[in-house]
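Chains as they are written, first to last, in this note's numbering: chain A, -2 to 458; chain B, -2 to 458.
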């Protein structure tokens, strides 16, 4: 064994974890990357902690040896967050999968970080409650908190920023701290909860998450609407948001993504850009919203309204939306997905999406556009041949245009996927001197730079 | 002039600001305290900057001399935030009162920090928009951001935590940074916006605020409901929240506060604990909510329903609620208000309020209870004789009981007033080791400890 920091940690880690420290090639390979094209070296070891205290002990060992630690949930990340750039230890949180408490009276739940969103929702269903944040993947709540994830419901229920009430975090030096509490609001000091939400494992390892829940809506109504152009769909979205319609979901799928979804999820929709919308509320409220939206959409050239009134039809619709990435990949079998997302003020959405479509066409690449457009957030899944380096370069150039334009319109280079390794090059442009401040905070909380090095902030080792 | 850090800064400050550096006794006295009993020394000088760049220059001067800088809005703070504990410079932001941009299409506004909430709302009214956060005072948006303020609308529209999209901040070393942007969500790096929101001027001085706006609701309905006991009112609140009724406001006033409001604001309500409620939405939606709430309240012993259907009646009602602190003070002319607020998970609200009532009765003090009870947040205004030190001691002991109990129930010692000087003694109990982490962040961003020293975090000079 080469004399690496991991090698110097291995005996103590092994004493702590027994066979829950894995070094077999196949397990290492499984922890080398997430769900996108971002690749890197495999870790030297994978730890499977079962308690917060074990996570803290692991960090105490690694901070002494200087061994890099990269947290890993289910590996659904799209910007290379879980790629262990400096090798070292991958910290697989999947065994910390216990739902610790559900407080139906307070509409919150306390979970270990390895609990997935579908697992929590399955547990909540009988109590008439739901956890609302829904990225495409069945991600872990720890990973979702770490990347400030969102999804189709964010326009109504918020992202992980609004959803996480409190955290327990293991710091680089092995201290376990609690941030926030179960009260709905607090003015008691710095908002460490929201500092750790979105810090992508670079400031600490999340060992417990307390999240807001919502009652399941009394009435739900969903529809698909076809448009002649993505601009028309974007205009309808802008109008609905400006009108304060209170949509629960409003999702754009462009013509190519509809073709993909028809093939992958058997949707049978006309091959045109679509909005998928959903309304939550009382019977009367939902009917009123649906009627108003129908008028707005028709004004923007929308047609082919199809209402999904039965729960099974709605589930099929939203499963198809959540499977959008896999549907897109199936457009070109064997392709890698080079995914990028951006988010702009809603007034800029139609122009940004139209320009994006033109950029894609000019590039010659295959790249459907989808988006949580009620938030001004849209995504490209660029399908590239993993054996054609020139396609990767073209994809990078295309993504760069999209992200640079988002900044020009006062937006952000990532609405929900996070920075990871993939978006770090944009951080200086997006944040200016504030990026250095993020680096200062990183150095303060992780002076040895062992936590997910090479991500989010300037290097500190 | 004594050789203080301020004295060593005065010439350069004067060169920069001219007569906008004030040292007259009356102006100094006006900047010695906020709206509560918390008192301290007067500052040695008061600066009235007009631009972000001037604020940055002031900080560059003060960091060199080590002169303490304490930001000041309108002085409506209740926990001594604006008291210049180490004297030095009070930074009066009132001249930075320009509304820089309103983006109706994106539902946001960009303002200088000295803009007050009523000023912004007056400007928005013609466009059918509103800024929703409403503490009792007509506070500045900079101050509200700095203290993570909220108010009666928070149960529906959120606090300053959810409302601030972006900030410009002058750091202790004079760098001006921008945090966040105008996109509705972002996963691009650490959430510095929310780190500065609630940092009470200890990490930087807010020089620009971008806030979310909302469309004014199409229909509004408000009501007052009387209860035989505060517990009944709290139970009705809990049921309404758990039922997901979507109230826009739900405010508790206990019997004593109703007496005060009747006298101060001519409300003519029966002298019993009351809930003031309001619903926002469409005509049909509001009617539906009001009916459901009526049933819930009646089940909890509510009666004497009075609907305020005319806008002028609603305005009178909410003005009376916002004037609650002054109404309380008028119960005992000449008294100081010793104010405390706490916030608990909603399931604990009825028990906490009942225990608080018993504590007040046992103390012999006069202290009405009011609360933004939909968030689990409640306040005491303890009326003390400023010339009777034993009353101050009794008030401190009473407040300590309330705050300690809030922590026992998983809550926080301040839901919205902030830490300032008044709540710092509770921070270790509330946050444990996380309080030291806050101190580490303070030291990183303000190594010389010039920014509002003695507040929020452990001392660093």
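Beta carbons are placed, not taken as given, at the ideal position from N, Cα and C, and that holds for glycine.
As the structure is a computational prediction, the values presented were derived from the model and not from experiment.
Measuring C-alpha to C-alpha distances from residue 296/B to each of 142/B, 209/B, 237/B, 394/B identifies 237/B as the nearest. Excluding its 5 nearest sequence neighbours in each direction, residue 403/A has C-beta neighbours in its own chain below 8 Å: 339, 340, 341, 349, 409, 410, listed in chain order. In the displayed model, residue 447/B falls within coil according to three-state DSSP, outside both helix and strand. Residues of the same chain with a CB within less than 8 Å of the CB of residue 223/B, apart from the 5 flanking positions on each side, are 266, 267, 269, 270, 271, 299, 300, 301 in chain order. Where residue 165/B is concerned, the enclosing beta strand (DSSP E) starts and stops at 161 to 167. For residue 248/B, the enclosing beta strand (DSSP E) stretches over residues 246 to 250. For residue 342/A, a Cβ of chain B is located within less than 8 Å of the residue's own Cβ. The continuous beta strand (DSSP E) containing residue 43/B extends over residues 42 to 44. Secondary structure note for residue 428/A: its alpha helix (DSSP H) is the uninterrupted segment 424 to 428. Under the Cβ criterion of 8 Å, residue 62/A is not counted among the residues facing chain B. Boundaries around residue 356/B are those of the alpha helix (DSSP H), 346 to 360, since no beta strand (DSSP E) includes it. Buried is the label assigned to residue 40/B, since at least 16 other Cβ atoms lie within 10 Å of its Cβ. Counting every other CB atom within 10 Å of its CB across the protein chains shown gives residue 145/A a total of 16 or more, marking it as buried. With respect to chain A, the C-beta atom of residue 397/B has no partner C-beta closer than 8 Å. What residue 438/B touches in chain A, judged by beta-carbon distance under 7 Å, is 187, 438, 441, going in chain order. Between the alpha carbons of residue 233/B and residue 398/A lies a gap of roughly 54 Å. Here residue 240/A carries a coil assignment [DSSP, helix/strand/coil]. The criterion of a C-beta distance shorter than 8 Å is satisfied by residue 442/B and residue 168/B.
Nearest CB-CB separation between residue 133/B and chain A: not below the 8 Å threshold. At a Cβ-Cβ threshold of 8 Å, residue 60/B and residue 438/B do not count as neighbours.
With the criterion set as a beta carbon lying under 7 Å from some beta carbon of chain B, the members of the stretch 170 to 186 of chain A are 172, 174, 175, 176, 178, 179, 180, 181, 182, 183, 184, 185, 186, in sequence order. Contact between residue 381/B and residue 34/B is confirmed by a C-beta separation of about 7 Å, below the 8 Å threshold. Within the model, the alpha-carbon separation for residue 253/B versus residue 185/A is close to 28 Å. Taking a contact to require three or more Cβ pairs closer than 8 Å, the stretch 73 to 87 of chain A and the stretch 114 to 129 of chain A do not qualify as touching. For residue 239/B, the C-beta contacts it makes with chain A under 8 Å involve 101, 102, 104, 212, in order along the chain. Around the CB of residue 97/B, fewer than 16 other CB atoms lie within 10 Å, so the residue is classed as exposed. Within chain B, no C-beta atom comes less than 7 Å from the C-beta of residue 244/A; the nearest is roughly 13 Å away. For residue 220/B, no alpha helix (DSSP H) run applies; the uninterrupted beta strand (DSSP E) run containing it begins and ends at 216 to 223, by DSSP. Residue 247/A and residue 149/A have their C-alpha atoms spaced approximately 7 Å apart. Contact of residue 196/A with chain B by beta-carbon distance below 8 Å involves 187. Residue 127/B is bridged by DSSP to 211/B. DSSP places residue 381/A in the uninterrupted beta strand (DSSP E) bounded by 374 to 381. Under the three-state reduction of DSSP, residue 7/B is assigned to helix.
Neighbours of residue 142/B in chain A, taken as residues at a C-beta separation under 7 Å, are lacking, since the least C-beta distance is about 11 Å. With the rule of 3 Cβ pairs closer than 8 Å, the stretch 279 to 286 of chain A does not count as touching the stretch 350 to 368 of chain A.
None of the residues of the stretch 109 to 123 of chain B has a beta carbon lying less than 8 Å from any beta carbon of chain A.
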